[in-house]
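First up is the structure itself, then whatever we jot down about it.
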Ligand code: 4AD
Ligand code: MG
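Residue numbers (my numbering): 167 to 624.
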């Protein structure tokens with residue numbers, strides 16, 4: 167269908183005075199005595215294009231006025247009468263592409279995010295989702311740019327797996343078997359199933375990423391991960407997008423540098439490529455957002471050991487919901503206290519107790535901690551989890567056995583430590599979490615097309 171994007175109309179001065187065709191959905195409409203005004207949006211920009219209708223030139227304009235209907239408009243692009251830097255269209259011909267009845271739910275200008283969650287197919291037509299999804303797209307492109315510029319190989323790791331990367335038992339089973347009374351045990355069930363053994367959706371591409379890094383040196387994965395966590399929080403979904411670089415010949419500080427550079431590159435990209443969207447978030451979601459991100463991009467992140475963070479929490483005089491002691495897993499309230507009130511900026515916490523972290527992390531010389539890091543940011547909490555990996559075969563096996571893991575599920579992974587093992591490190595960044603951070607949108611359900619959460623698959 168021959169037409170010009172509204173983004174193009176709004177940004178190229180050369181269109182003024184020319185005859186154009188635009189398409190879009192009616193966002194607002196206003197009728198007066200001789201004239202009528204529509205605002206059209208086609209999704210290519212946050213801005214709406216004003217269509218000016220001289221009523222004497224049209225028989226019946228009633229179908230054009232209905233919010234949500236889709237139109238094709240032909241006319242002359244002229245300088246806006248009210249806003250000199252803007253463009254509007256003097257309509258000459260209007261074609262209704264799709265009518266829209268009055269029960270269309272987006273009649274009001276502002277709806278709550280909670281209400282919008284109940285109409286996921288339509289909420290994407292609001293300004294908020296237009297802005298969120300453009301930022302999401304720009305962030306995704308920035309991630310690819312960052313790694314490809316550094317000669318990382320983009321690797322696609324399998325989503326169906328036979329091993330549990332995080333060892334937390336939060337996996338969705340993959341099975342083709344339904345209820346079968348003749349199957350008596352779990353072993354029989356697994357053996358009869360599609361793969362002849364138990365399979366699940368992967369919680370992380372890391373283990374396969376390590377295989378690839380041991381051949382290609384520097385790799386990253388970027389795809390969905392799945393977690394069957396039965397928690398309903400503002401920052402957990404059962405299906406999220408996961409960015410996981412894995413780097414051979416790298417120790418923990420090396421990937422902290424890599425992670426900080428990635429976050430700063432993402433911030434620079436959205437500030438540069440999404441100015442309208444960022445102004446929108448600054449005005450409606452987080453006052454001072456642009457200034458905050460500009461400052462984050464221009465300053466070093468903080469670094470603090472887990473042990474020091476525990477001391478700070480203990481000395482805070484705060485009543486936390488979850489008790490604080492050396493060895494405790496940090497809850498969001500603790501993470502936010504450290505990043506928001508102690509550091510007031512993103513902070514890498516390092517060297518966590520080995521008991522609360524995964525089997526694959528490099529064991530530190532103190533015998534108590536592992537070379538792990540989480541990046542905590544104000545407003546969200548953890549957005550990155552990473553570590554140096556245990557490259558020593560015996561230490562890895564010991565860590566796996568102490569967790570009662572079934573070594574047969576990890577033969578490939580273990581073999582990496584036999585055949586030219588090297589120090590290597592990596593991390594995982596949750597795409598939705600970084601989107602929350604750069605937009606100020608505080609619920610993860612509002613930065614993903616269809617959020618999958620416990621008890622809810624809309
Ligand atoms: O800290 P996590 O569990 O680390 C890993 O999965 C490692 N294998 C990563 C690696 O070293 N390659 O998860 C990494 C990040 C978290 O910091 C968070 O941003 C995101 O993934 N994440 C989730 N995002 C949304 N919903 C969930 N349920 C998430 N679980 C993890
Ligand atoms: Mg984590």
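For glycine and all other residues, C-beta sits at the position ideal for the given N, C-alpha and C. These figures come from a predicted structure and were not determined experimentally.
Looking only at C-alpha atoms, which of the options sits nearest to residue i?
i	options	result
residue 538	562, 565, 555, 415	555
residue 450	500, 338, 295, 410	295
residue 290	623, 616, 622, 621	616
residue 566	587, 273, 526, 588	526
residue 326	247, 340, 269	340
residue 193	270, 182, 207, 372	207
residue 381	363, 370, 413, 351	413
residue 276	269, 287, 293, 263	293
residue 585	377, 591, 384, 465	377
residue 167	178, 188, 182, 179	188
residue 589	420, 506, 465, 434	420
residue 307	384, 243, 431	431
residue 437	423, 415, 246, 461	461
residue 176	196, 197, 209	209
residue 620	250, 405, 224, 322	405
residue 495	506, 476, 591	476
residue 264	236, 349, 498, 281	236
residue 267	234, 255, 281, 423	234
residue 528	226, 562, 470	562
residue 254	350, 184, 423	184
residue 547	497, 578, 171	497
residue 439	300, 174, 243	300
residue 510	559, 459, 491	459
residue 534	559, 464, 591, 492	492
residue 197	232, 171, 172	232
residue 172	227, 195, 252	252
residue 319	472, 225, 375, 474	375
residue 597	581, 281, 614, 489	614
Excluding the five sequence neighbours on either side, which residues of its own chain have a C-beta within less than 6 Å of the C-beta of residue i, listed in chain order?
i	result
residue 302	601
residue 550	425, 541, 593, 595
residue 452	606
residue 587	557
residue 506	544
residue 321	378, 385, 387
residue 372	331, 410
residue 579	373
residue 472	515, 517, 518
residue 469	514
Quick test of your reading: residue i and residue j, contact by CB under 8 Å. State the CB separation rounded to the nearest angstrom.
i	j	result
residue 386	residue 410	6 Å
residue 487	residue 508	At roughly 18 Å, the Cβ-Cβ gap does not stay under 8 Å, so residue 487 and residue 508 are not in contact.
residue 215	residue 190	7 Å
residue 169	residue 238	7 Å
residue 298	residue 612	7 Å
residue 245	residue 309	Not quite, the Cβ-Cβ distance comes to about 39 Å (not below 8 Å), so this is no contact.
residue 403	residue 610	5 Å
residue 229	residue 262	5 Å
residue 433	residue 604	6 Å
residue 223	residue 241	About 10 Å; that fails the 8 Å criterion.
residue 514	residue 444	Not confirmed; about 25 Å, so no contact.
residue 312	residue 428	5 Å
residue 512	residue 467	4 Å
Within a Cβ cutoff of 8 Å, which residues of the same chain sit near residue i, ignoring the five residues on either side of it in sequence?
i	result
residue 523	536, 538, 553
residue 370	331, 332, 391, 408, 410, 594
residue 415	383, 588, 589, 590
residue 389	322, 323, 325, 371, 407, 408
residue 435	304, 305, 307, 308, 311
Could you pull out every residue in the same chain whose Cβ sits closer than 7 Å to the Cβ of residue i, ignoring the five residues on either side in sequence?
i	result
residue 338	366, 367, 392, 394
residue 575	328, 329
residue 279	609, 612
residue 271	285, 288
residue 503	479, 482, 484
### Task
Please go through the segment 394–452 and give each complete beta strand (DSSP E) segment of 3 or more residues, from N-terminal end onward.
405–414
### Message
Restricting to runs no shorter than 3 residues, where is the beta strand (DSSP E) found entirely within the segment 522–583?
### Response
535–543, 547–554
### Task
Indicate whether the contact test is met: 3 or more Cβ pairs, each with one atom in the segment 477–486 and one in the segment 512–526, closer than 8 Å.
Two segments are said to touch when three or more pairs of C-beta atoms, one from each, lie closer than 8 Å; by this definition the segment 477–486 does not touch the segment 512–526.
### Query
Would you call the segment 215–223 and the segment 195–206 in contact, with 3 or more CB pairs under 8 Å?
yes
### Message
Which runs of the beta strand (DSSP E) at least 3 residues long sit entirely within the segment 230–313? Give them in chain order.
### Response
236–245, 253–264
### Task
Would you mind listing the beta strand (DSSP E) stretches within the segment 174–233 that are 3+ residues and don't spill past its ends, in chain order?
If we require 3 residues or more, the beta strand (DSSP E) runs fully inside the segment 174–233 come out as 185–197, 201–207, 215–220.
### Query
Between the segment 383–400 and the segment 567–580, do at least 3 Cβ pairs fall closer than 8 Å?
no
### Message
Tell me whether the segment 345–358 and the segment 320–335 touch, counting them as touching only if at least three CB pairs, one residue from each stretch, are closer than 8 Å.
### Response
no
### Length-filtered (3 minimum) beta strand (DSSP E) runs lying within the segment 442–510
468–471
### Query
What runs of the alpha helix (DSSP H), each 4 residues or longer, lie entirely inside the segment 311–358?
352–358
### Message
List, from N- to C-terminal side, the alpha helix (DSSP H) runs of 4 residues or more that fit wholly inside the segment 361–385.
### Response
The DSSP assignment places complete alpha helix (DSSP H) segments of no fewer than 4 residues inside the segment 361–385 at 372–382, in order along the chain.
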